[in-house]
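K.L.:
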Amino acid sequence: MTDATLSLQSEADRRAIAAIRRKNAVWRRILRDPAAAAAALFLIVIFTAAVLAPWIAPFDPYTNNMRLRFCPPLAERCPGYLLGADNQGRDMLSRIMYGLQATLGLGVIAVAAGGGLGALIGLSAAYFKRLDTPLMRLIDVLLSFPSILFGLAIAAVLGTGLFSLGIALSVAAVPSIARIARGAAQSVMQQEYMEAGRAVGLGDGALIWRYLARNCWPTILIYMTLQLGQAILLGASLSFLGLGAQPPTAELGSMASDGRKFLQIAPWVSTLPCAAIFLVVLAFNLLGDALRDALDPKLRQ
Amino acid sequence: MARHIAHRVMISLPVLLGVLLIGFLLLQVVPTDPATIVAGPTATKAEIEAIRRDLGLDEPLWLQFIRYLGRVLQLDLGRSMISNRPVSEEIALTFWPTVELMLACLVWAVPLGIALGTLAARRRGTLVDRAIMALSVMGVSVPVFWVGLLLIQHVGGAGLLPFQGRAGPIWTGAGFLSIVLPAITLGAVFVGPVARMTRTSLLETLSADYVRTARAKGASDWRVTVKHALRNAMIPVVTLVGLQIGFLLGGSIVTETMFAWPGVGRMAVGAITSSDFPLAQGAILVLAVGFMVVNLAVDVLYAYLDPRIARS
Numbered sequence: 000m001t002d003a004t005l006s007l008q009s010e011a012d013r014r015a016i017a018a019i020r021r022k023n024a025v026w027r028r029i030l031r032d033p034a035a036a037a038a039a040l041f042l043i044v045i046f047t048a049a050v051l052a053p054w055i056a057p058f059d060p061y062t063n064n065m066r067l068r069f070c071p072p073l074a075e076r077c078p079g080y081l082l083g084a085d086n087q088g089r090d091m092l093s094r095i096m097y098g099l100q101a102t103l104g105l106g107v108i109a110v111a112a113g114g115g116l117g118a119l120i121g122l123s124a125a126y127f128k129r130l131d132t133p134l135m136r137l138i139d140v141l142l143s144f145p146s147i148l149f150g151l152a153i154a155a156v157l158g159t160g161l162f163s164l165g166i167a168l169s170v171a172a173v174p175s176i177a178r179i180a181r182g183a184a185q186s187v188m189q190q191e192y193m194e195a196g197r198a199v200g201l202g203d204g205a206l207i208w209r210y211l212a213r214n215c216w217p218t219i220l221i222y223m224t225l226q227l228g229q230a231i232l233l234g235a236s237l238s239f240l241g242l243g244a245q246p247p248t249a250e251l252g253s254m255a256s257d258g259r260k261f262l263q264i265a266p267w268v269s270t271l272p273c274a275a276i277f278l279v280v281l282a283f284n285l286l287g288d289a290l291r292d293a294l295d296p297k298l299r300q
Numbered sequence: 000m001a002r003h004i005a006h007r008v009m010i011s012l013p014v015l016l017g018v019l020l021i022g023f024l025l026l027q028v029v030p031t032d033p034a035t036i037v038a039g040p041t042a043t044k045a046e047i048e049a050i051r052r053d054l055g056l057d058e059p060l061w062l063q064f065i066r067y068l069g070r071v072l073q074l075d076l077g078r079s080m081i082s083n084r085p086v087s088e089e090i091a092l093t094f095w096p097t098v099e100l101m102l103a104c105l106v107w108a109v110p111l112g113i114a115l116g117t118l119a120a121r122r123r124g125t126l127v128d129r130a131i132m133a134l135s136v137m138g139v140s141v142p143v144f145w146v147g148l149l150l151i152q153h154v155g156g157a158g159l160l161p162f163q164g165r166a167g168p169i170w171t172g173a174g175f176l177s178i179v180l181p182a183i184t185l186g187a188v189f190v191g192p193v194a195r196m197t198r199t200s201l202l203e204t205l206s207a208d209y210v211r212t213a214r215a216k217g218a219s220d221w222r223v224t225v226k227h228a229l230r231n232a233m234i235p236v237v238t239l240v241g242l243q244i245g246f247l248l249g250g251s252i253v254t255e256t257m258f259a260w261p262g263v264g265r266m267a268v269g270a271i272t273s274s275d276f277p278l279a280q281g282a283i284l285v286l287a288v289g290f291m292v293v294n295l296a297v298d299v300l301y302a303y304l305d306p307r308i309a310r311s
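Order-wise, the sequence lines are chains A and B.
According to numbering that gives the first Met the number 0, the stretch in the first sequence is residues 0 to 300, in order.
According to numbering that gives the first Met the number 0, the stretch in the second sequence is residues 0 to 311, in order.
(1) Excluding the 5 residues preceding and the 5 following A:V280 in the sequence, name in chain order all residues of the same chain whose CB lies nearer than 7 Å to its CB.
(2) Is there a Cβ of chain A sitting closer than 8 Å to that of B:A182, yes or no?
(3) Where does B:R222 fall in DSSP's three states?
(4) Taking the Cβ atom as the reference point for each residue, do A:A235 and A:G252 lie within a distance shorter than 8 Å?
(5) Output yes or no for whether 8 Å exceeds the beta carbon distance between A:M96 and A:W267.
(6) If contacts are defined as beta-carbon pairs under 8 Å, then A:A184 and A:A125 qualify, I think. What distance do you get, rounded to the angstrom?
(7) Which ranges would you report for the alpha helix (DSSP H) in the region 166-221 of chain A if only whole runs of at least 4 residues count?
(8) Let me confirm a value: A:E250 is counted as buried when at least 16 other C-beta atoms fall within 10 Å, else exposed. Which label applies?
(9) Do you know offhand how far A:D292's Cα is from A:P72's?
(10) Give, in chain order, every residue of the region 140-159 of chain B whose Cβ lies closer than 8 Å to some Cβ of chain A.
(11) With a threshold of 16 other CB atoms inside 10 Å of the CB of A:I43, please say whether the residue is buried or exposed.
(12) Grouping DSSP H, G and I as helix and E and B as strand, with all else coil, what is A:A84?
(13) Could you name the residues of the region 114-132 of chain B whose beta carbon sits closer than 9 Å to any beta carbon of chain A, in the order they occur along the chain?
(14) Which residues in chain A sit within 7 Å of B:M137, going by Cβ to Cβ distance?
(15) Does the beta carbon of A:Q245 come closer than 8 Å to any beta carbon on chain B?
(16) Within its chain, find whatever has a CB closer than 7 Å to the CB of A:A49; leave out the 5 residues flanking it on each side and keep chain order.
(17) Which same chain residues end up closer than 6 Å to B:A1 when comparing Cβ atoms and leaving out the 5 residues on each side of it in sequence?
(18) Whole alpha helix (DSSP H) runs in the region 143-193 of chain B with 4 or more residues, listed along the chain?
(19) Check A:P71 in the structure and name its three-state DSSP category.
(20) Can you pull the chain B neighbours of A:P217, defined as C-beta to C-beta under 9 Å?
(21) Smallest Cα separation from B:S196: which of B:I183, B:G164 and B:G241?
(22) With DSSP as the reference, label B:R123 as helix, strand or coil.
(23) Measure the Cβ-Cβ separation of A:G258 and A:D85 and say whether it is below 8 Å.
(24) Determine, using beta carbons only, whether B:V263 comes closer than 8 Å to chain A.
(25) By the 9 Å beta-carbon criterion, what residues does the region 263-288 of chain B contribute toward chain A?
(26) Less than 8 Å separating the beta-carbons of A:L286 and A:A35?
(27) Could you tell me the alpha carbon to alpha carbon distance between B:G186 and B:Q63, rounded to whole angstroms?
(28) Could you check whether A:I176 and A:G121 sit closer than 8 Å to each other, using their CB atoms as the reference points?
(29) Are any of the Cβ atoms in chain B nearer than 8 Å to that of A:S269?
(30) Just grab the DSSP bridge partners of A:D90 for me.
(31) Considering only residues of the same chain and omitting the five flanking positions on each side of A:A3, which have a CB-CB separation below 7 Å?
(32) Any residues in the region 228-251 of chain B with a beta carbon nearer than 9 Å to a beta carbon of chain A? Which ones, in chain order?
(33) Under 9 Å Cβ-Cβ, which residues of chain B neighbour A:A255?
(34) Enumerate in chain order the residues of its own chain whose CB-to-CB distance from B:G250 is below 7 Å, with the five nearest sequence positions on each side excluded.
(35) Please classify B:R78: does DSSP put it in a helix, a strand, or coil?
(36) Going along the chain, which residues of its own chain have a beta-carbon closer than 8 Å to the beta-carbon of B:L180, five neighbours each way excluded?
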């Protein structure tokens, strides 16, 4: 918007426009759905607990206490161990908090890296028309490819561990974000200011960065957030298979796998990490559903 | 039609090449030099050199890669470093159990998903619809391994059904019992997506003109839903079910590992964790190619069911 048009609007007009914009902001429409609002609140609590784990966790997640071995949740034998203790007498609540930190942290890093690359691919496909078909065809095939196979192949080549897991999750995040970014960028490409920018003599780099990327990033960011649920589920599955985080690292998938051996005598050791993964992924999926409804008015009838 | 198939094959080729490249890479990271193993502990340097030349290990990598492609085409995938049996033999043993598990999962999960999706679409906006959709979103959020763990704990632990390994082919009594829990585990995460796709697709067809015509004609509500709308709604559902094979594959790798089911997925995980590179290469290759073949078949089926696709 130029200064000339701005000066034609009164202060009140501008405030009204801003209010309408805020009211129709996508995230606001999402949060109107009570389930999605609850999910968002839950995720905020969970993320806070994960980030603050070193300060608020009641015990050290790696200190064992053999006398409290397999102490059930809320038992008198182990006061303060709200969720019980595992096979080495480690506090389950603290381990789950640290586990969330590892699981969520890895998911965030991987989606940021993979999504960033995906966004770059999507924007280039929309901007450089010649690249569109080959790039998007490749993305289509990658999108249909089961992401767990990326995980297997990368773990096989680079060895098991958190590093390979991060790479696998990043690769898995690339195709869907690339597609979203292309869609968002294509509608921006139709705008007159793109033409205007070119007429003024801006280069490709400036046009992509200043005009295209800045107008697309809110959409891309929302989808990246929602992609986190899938990344977390995939990461936990790969760790459960023994291809990601290795014991004794407190990570939800490997904790669930570790607790399998004691399923009959102490089911909570594996059930609680599973429940944590389930609730986090469920919250992300509820947000995703609300987003789809918000963006597709046809479904709202 | 032929053009459409050729086009799809062309698109898959770069990915296939990528998969083969990963397989080739896996054989390159083997820590020991194959030539020293063949030569034995008493071999001299000159002898090892001769064997290296003999095996083609001194050639440039791209030439070795082309030779590798030739070997793969002849189904020669090398030997397992642990059992020393040919990889192709190991795969032949594990292939059928995996297919069996997937079929056992699809055979109950797809009909149930379609039934639930139809019910939800018919009762749109009611409590039934909400409950089914809530179940469906829970189904896509639950980790496969939790479903398996709960079944092992409550059903397997109570001694009601076996939960370790495969007792035999599915048509034998013991074999059938041993597949029940893995098939329920794998299917549990599949019902949700199918129900949701059916609901969306059916809602679209229910508002189509020909459905209104059928109603005007005086056909009963049930007849309109099943005979007119559902039949047409099935076209996207069939394809989407096919495209979810990748999702199913991921679930089956976890399920096989949990239930000690002797399939390709469990073999792949075992080979990777024990650094048996040739076997890992073979298993990943088979999983990837198998997936691509199913995908291609579904694509062709879709084009056959809906001729508009092939033309676009």
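Beta carbons are placed, not taken as given, at the ideal position from N, Cα and C, and that holds for glycine.
None of these values were measured; they are calculated from a predicted model.
P.N.:
Reading off the structure:
(1) Answer for A:V280: G228, I231 and L232, listed in chain order.
(2) For B:A182, not one C-beta of chain A is nearer than 8 Å to its own C-beta.
(3) Under the three-state reduction of DSSP output, B:R222 falls in the helix class.
(4) Taking the C-beta atoms as reference points, A:G252 is found nearer than 8 Å to A:A235.
(5) It is not a contact, given that the beta carbons lie outside the stated cut-off.
(6) About 3 Å; that satisfies the 8 Å criterion.
(7) If we require 4 residues or more, the alpha helix (DSSP H) runs fully inside the region 166-221 of chain A come out as 191-199.
(8) The residue in question, A:E250, is buried, as its Cβ has 16 or more Cβ neighbours within 10 Å.
(9) The alpha-carbon atoms of A:D292 and A:P72 are separated by roughly 39 Å.
(10) Among the residues of the region 140-159 of chain B, those with a Cβ less than 8 Å away from any Cβ of chain A are S140, V141, P142, V143, F144, W145, L148, L149, I151, Q152 and G156, in the order of the chain.
(11) Residue burial annotation: A:I43 is exposed, with fewer than 16 other C-beta atoms found within 10 angstroms of its C-beta.
(12) Note: A:A84 maps to strand in three-state DSSP.
(13) Per Cβ criterion, the list reads M132.
(14) Chain-ordered, the chain A residues with CB closer than 7 Å to the CB of B:M137 read L281.
(15) Interface criterion not met: the Cβ of A:Q245 is under 8 Å from no Cβ in chain B.
(16) Once the five neighbours on either side are set aside, the close Cβ partners of A:A49 are M96, L99, Q100 and L103.
(17) So the list is empty, once near-sequence residues are dropped.
(18) Whole alpha helix (DSSP H) segments, 4+ residues: 143-150.
(19) A:P71 carries a coil assignment under DSSP once its states are collapsed to helix, strand and coil.
(20) The premise fails here: A:P217 is roughly 25 Å from chain B at the closest Cβ pair, so nothing lies under 9 Å.
(21) Contrary to the premise, residue 196 of chain B reads as Met rather than Ser in this sequence. Distances from the CA of B:M196 to each of B:I183, B:G164 and B:G241 were compared; the closest alpha carbon is that of B:G241.
(22) Coil.
(23) In this structure, A:D85 lies closer than 8 Å to A:G258 by Cβ.
(24) B:V263 does not count as touching chain A.
(25) Against chain A - using a Cβ distance shorter than 9 Å - the residues of the region 263-288 of chain B are G264, A267, V268, A270, I271, T272, S274, F276, A279, Q280, A282, I283, L286 and A287.
(26) Yes, the pair counts as a contact, with Cβ atoms nearer than the cut-off.
(27) About 42 Å.
(28) Their beta carbons are under 8 Å apart, which means A:G121 touches A:I176 by this criterion.
(29) Yes, A:S269 counts as interfacial toward chain B.
(30) Looking at the DSSP assignment, A:D90 forms a beta bridge with A:A84.
(31) For A:A3, the predicted model reports a pLDDT of 48, less than 50, meaning its position is unreliable; a value from the coordinates is still stated below. Cβ neighbours of A:A3 within its own chain (closer than 7 Å, five residues either side excluded): none.
(32) Those residues of the region 228-251 of chain B that come within reach of chain A (Cβ to Cβ, closer than 9 Å) are L242, I244, G245, F246, L247, L248, G249 and G250.
(33) Per Cβ cutoff of 9 Å: P142, F144, W145 and L148.
(34) Excluding positions up to five away in sequence, the list reads V143, L185 and V188.
(35) Note: B:R78 maps to strand in three-state DSSP.
(36) These residues qualify, in order along the chain: G147, L150, I151, V154, G155, L160, P161, F162 and F258.
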